[in-house]
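Note that the protein sequences, when read in sequence, are chains C and P. Residue numbering for the first sequence follows the numbering used here, starting at 1 and increasing by one per position. Residue numbering for the second sequence follows the numbering used here, starting at 328 and increasing by one per position. Glycine included, C-beta positions come from ideal geometry on N, C-alpha and C.
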Amino acid sequence: MPAAANGDSASPREEEVIRTQGLTKVFPGGVKAVDHLDLSLQRGEIFGLLGPNGAGKTTTVGMLTSMVVPTEGEASVGGVDVIAHPARAKQGIGVVPQTNTLDRSLSVSENLYFHGRFFGMSAREAKSEAARLLEQFWLADRASAAVLELSGGMAQRLMVARAVMHKPAILFLDEPTAGLDPQSRIALWDILHELHADGQTILLTTHYMEEADQLCNRVAVMDHGRILALDTPGALKRSVGADTIVTVSADGRLDELAQLLEARVPGVTHAKRVDSTVQLGVKGSHGVLPAVVTAAEQGGFTVTDLSLAEPTLETVFINLTGKELRD
Amino acid sequence: MATVTTSPGAETDRLATAHRSTTTASWTAYRALLLRDLTVLRKTLNEFLPRTLLQPFLLVFVFTFVFPKIGQGVGGAGNGGPAASAFATLLVAGVVGVTILFQGIQSVALPMVQEFGYTKEIEDRVLAPLPVSMVALAKVTSGAIQGLIAALIVFPIAAVVPANPVHLHVNWPVLLTLAPLACVTASALGLTFGTRFEPRTVPLMFGVVVIPLTFLGCVYYSWTALGPIKVGGFSWLKALVLINPLVYMCEGFRAALTTAPHMSLAVVYLVLAGFAALFLYLGINGFKKRVLS
């Protein structure tokens, strides 16, 4: 397994914060949400679980945070067996769930205060820590507001503040930016970068490839409860084998066009029909567009649109599954 | 964004948290959960007081003030006199019992139905470092405390509002042991309901469960007085109501507060303890089932 791309990677004894072996969840009714998952997270890294809805990301987080009982397999978090000792494991876990689970009966600062008390802080400690976090997460002027008055972005920041308040060994974020406006999303990314710089180990799930690419030291591409590939975003993109992705829109039988282009265009690493386009992976983009057009026209196809792009994690996903990331 | 302050002790803090004993951490979290519920209670006193006081007040007002004044008898009472006085005395215990039962529904079952059904707010409390069963237990405890407070503030109403004098005779040892037991039973019943009903079925909970519990709970009459209701020599109603936990609460309070005839105290304690254990078992299991998947 490649070393995490962070400051700790050089240390000879990396501390394993999460370890799972054969972790499996079959829900009543027979749906296998997670299928023999083997995972290892090192201290200090931001790790991404990338996959479409229904890939098993949330169930994985559920099992690691003791909310979902695994059908089989092992999982330890912060060095504690989370299945055998959930109460103990929870001491080292911080969670930002998908939905707003802020306590509506309490004010903004009380949400933090009581969370601190749950985790054993004294009244004074919880109060001062709540004040410090509100300042850090730009919520100080909302301290006494009701949580229902917060915007989506503010509620999200408060949930992150709450989750890190007890200084967990690992912070879980489940689809943290789903439904946030772009500004709030970037603000949250900044926050996560800062927390990471402070040494916080983070596991996040996402179906936004930019998010995984931007934030994560390592990314596991997940589908149907399995990990299809796991590496740094850069290595994953390189694994595609191409440095340019050409997307061709054309009329006619696209499967045939894909075969034709793969045979005729120089430097093609792979060609695939993806929905109503053909995607080509190409090594060396020089002169590739004329070559594509010529080959297509000689084969009797009319090209209606052409575009060039660098490989993304989406390309990786398409390569692995033959489908796009966003449903 | 503002800079994250890296306190030099951050790493040691992290380790210290991880090494707190699970038992210590669990009880600390349990106490904090209670503190959270009592803080919410303090903040919502303006809701707690009317919801707690109005029903018992109306009950006592109509049955023991209005009825005697307009000459309409209840409980064998004619126009005032010792019979009306005896009825008002009888009702004190019933009012305290029904208040505690309702508190279990209102402070435990209803919020829980909402939290499980819509808001999932309970999730952060479930992620606190204690076993899930203790989160449920904390809910029962805070519900029981609210039941005690409710009983305490309702009691004077039942004693003062009636038009005819109420003759109380307090048996303190019984009162001080029975009240907590009744409150825990009601609160655990609330937990059981809260984990089994959905927002959609709350009207059903009231219509089909809570109302029959109240009317057949020996609130307005004493259990011992049900003997004459017979079919072929069998006091069927007297037997039927025995499945109702409220019967034992009201009869227990009757023993604790009055000299009126009542069910044997040994039976009251034994069955109430049994109900408390049953509801705790069902409630905690239901809670676990709702929280964990």
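Original post:
Does any C-beta atom of chain C lie closer than 8 Å to the C-beta of Thr522 of chain P?
Top reply: It does not; no Cβ of chain C falls within 8 Å.
Original post:
Hey, does Ile46 of chain C have any beta-carbon neighbour from chain P nearer than 8 Å?
Top reply: So no, Ile46 of chain C is outside the interface.
**OP:** Give the secondary structure of Gln279 of chain C by DSSP, where H, G and I count as helix, E and B as strand, and everything else as coil.
**Re:** The answer is strand: DSSP assigns Gln279 of chain C an E or B state.
**OP:** Could you name the residues that DSSP lists as bridge partners for Gly94 of chain C?
**Re:** According to DSSP, which records beta bridges pairwise, Gly94 of chain C is partnered with C:Leu171.
**OP:** Have a look at the DSSP bridge pairing and note the partners of Thr20 of chain C.
**Re:** C:Leu39, C:Ala75, per the DSSP bridge assignment.
Original post:
Along chain C, in chain order, which residues have C-beta atoms closer than 9 Å to that of Leu457 of chain P?
Top reply: What Leu457 of chain P touches in chain C: Ala87, Lys90, Phe118.
Subject >> Reference Val31 of chain C, options C:Glu125, C:Leu49, C:Ser40, C:Pro70, closest by Cα >> reply: Closest by alpha carbon: C:Pro70.
Original post:
Name the chain P residues whose beta carbon is nearer than 8 Å to that of Ile202 of chain C?
Top reply: Those within 8 Å of Ile202 of chain C in chain P number zero; the least Cβ separation is about 13 Å.
**OP:** Please report how far the alpha carbon of Pro588 of chain P lies from the alpha carbon of Leu386 of chain P, in whole angstroms.
**Re:** For Pro588 of chain P and Leu386 of chain P, the distance between alpha carbons rounds to 22 Å.
**OP:** Following the continuous beta strand (DSSP E) through Thr244 of chain C, name the residue where it begins and the one where it ends.
**Re:** For Thr244 of chain C, the enclosing beta strand (DSSP E) has its first and last residue at 244 to 250.
**OP:** Taking C-beta pairs closer than 9 Å, name the residues in chain P that Ile18 of chain C reaches, listed in chain order.
**Re:** Simply none; closest approach about 14 Å.
**OP:** For Asp35 of chain C, return the contacting residues in chain P, with the cut-off set at a CB-CB distance below 7 Å.
**Re:** Under the 7 Å cutoff, chain P gives no residues; its nearest Cβ is about 17 Å from Asp35 of chain C.
**OP:** Could you tell me how far apart the beta carbons of Leu418 of chain P and Tyr547 of chain P are, in whole angstroms, since I believe they sit closer than 8 Å?
**Re:** Right, their Cβ atoms sit about 7 Å apart.
**OP:** Can you give me, in chain order, the residues of the segment 428 to 439 of chain P that have a beta carbon less than 8 Å from any beta carbon in chain C?
**Re:** Close to chain C, meaning a Cβ-Cβ distance shorter than 8 Å, is no residue of the segment 428 to 439 of chain P at all.
**OP:** Identify which residue in C:Glu194, C:Arg273, C:Lys167, C:Gly44 has its Cα closest to the Cα of Val95 of chain C.
**Re:** Nearest in C-alpha terms to Val95 of chain C, of all of C:Glu194, C:Arg273, C:Lys167, C:Gly44, is C:Lys167.
Original post:
Helix, strand or coil: which one does DSSP assign to Ala126 of chain C?
Top reply: The three-state secondary structure of Ala126 of chain C, taken from DSSP, is helix.
**OP:** Would you mind telling me which residues of chain C sit closer than 7 Å to Leu362 of chain P, beta carbon to beta carbon, in chain order?
**Re:** Those within 7 Å of Leu362 of chain P in chain C are Arg117.
Original post:
Which partner residues does Met222 of chain C have in the DSSP bridge list?
Top reply: Answer is C:Ile227.
**OP:** Count the other CB atoms, across all protein chains shown, that sit within 10 Å of the CB of Pro489 of chain P; report buried if there are 16 or more and exposed otherwise.
**Re:** Sixteen is the threshold: when 16 or more other Cβ atoms of the shown chains lie within 10 Å of the Cβ of Pro489 of chain P, as they do, the residue is buried.
**OP:** Under 6 Å Cβ to Cβ from Ala343 of chain P, same chain only, skipping five residues before and after it: list those, please.
**Re:** Reliability fails at Ala343 of chain P, whose pLDDT of 46 lies under 50, so the model's placement of it is uncertain and the value that follows must be treated cautiously. None.
**OP:** List the residues of chain P that Val31 of chain C touches, going by C-beta distances under 7 Å, in chain order.
**Re:** Against chain P, a Cβ distance below 7 Å from Val31 of chain C picks out nothing, because the smallest value is about 12 Å.
Original post:
In three-state DSSP terms, what is His589 of chain P?
Top reply: For His589 of chain P, the three-state secondary structure derived from DSSP is coil.
Original post:
Based on the DSSP output, what are the partners of Thr304 of chain C in its beta bridges?
Top reply: In DSSP, Thr304 of chain C forms no bridge with anything.
Original post:
Apart from the five residues on each side of it in sequence, which residues of its chain come closer than 6 Å, Cβ to Cβ, to Val511 of chain P?
Top reply: Ala471, Ala603, listed in sequence order.
**OP:** Under 8 Å by Cβ, that's how I've got Thr302 of chain C and Asp251 of chain C pegged, so tell me the actual separation to the nearest angstrom.
**Re:** In this structure Thr302 of chain C touches Asp251 of chain C by the C-beta definition: roughly 5 Å separates them, less than 8 Å.
Original post:
Exposed or buried, what is Leu597 of chain P when buried is set at 16 or more other beta-carbons lying within 10 Å of its beta-carbon?
Top reply: Taking all protein chains in view, the Cβ of Leu597 of chain P is surrounded by fewer than 16 other Cβ atoms within 10 Å, so the residue is classified as exposed.
Subject >> Cβ-based contacts, 9 Å cut-off: residues of the segment 366 to 379 of chain P near chain C >> reply: Listed by position along the chain: Thr366, Val367, Lys370, Thr371.
Subject >> Within chain C, partners of Glu639 of chain P - CB distance below 7 Å >> reply: Here chain P covers residues 328 to 620 and nothing more, so residue 639 of chain P does not appear.
Original post:
Cβ of Met67 of chain C less than 8 Å from any chain P Cβ?
Top reply: Interface residue (Cβ-Cβ distance to chain P less than 8 Å): Met67 of chain C is classified as such.
Original post:
Would a check of beta-carbon distances place Thr355 of chain P closer than 8 Å to chain C?
Top reply: It does: the Cβ of Thr355 of chain P has a partner Cβ on chain C nearer than 8 Å.
Original post:
Got a sec: is the Cβ-Cβ distance from Leu518 of chain P to anything in chain C below 8 Å?
Top reply: It does not; no Cβ of chain C falls within 8 Å.
Original post:
Who are the near neighbours of Glu262 of chain C in its chain, counting only those whose CB is closer than 8 Å to its CB and skipping five residues on each side?
Top reply: Excluding sequence neighbours, Glu262 of chain C sits near Val268, His270, Ala271, Leu280.
**OP:** Report the three-state DSSP secondary structure of Val331 of chain P (helix, strand or coil).
**Re:** Note that Val331 of chain P scores 46 on pLDDT, short of 50, meaning its location in the model is unreliable; the coordinates nonetheless yield the value given after this. Note: Val331 of chain P maps to coil in three-state DSSP.
**OP:** Consider the Cβ of Ala359 of chain P: report whether some Cβ of chain C lies at a distance smaller than 8 Å.
**Re:** Taking CB atoms only, Ala359 of chain P has a neighbour in chain C less than 8 Å away.
Original post:
Does the Cβ-Cβ distance between Asp288 of chain P and Asp103 of chain C come in under 8 Å?
Top reply: Absent from the structure is residue 288 of chain P, since the part of chain P shown begins at 328 and ends at 620.
Subject >> Alpha-carbon to alpha-carbon, Ile484 of chain P and Pro383 of chain P >> reply: Roughly 8 Å between the two C-alpha positions.
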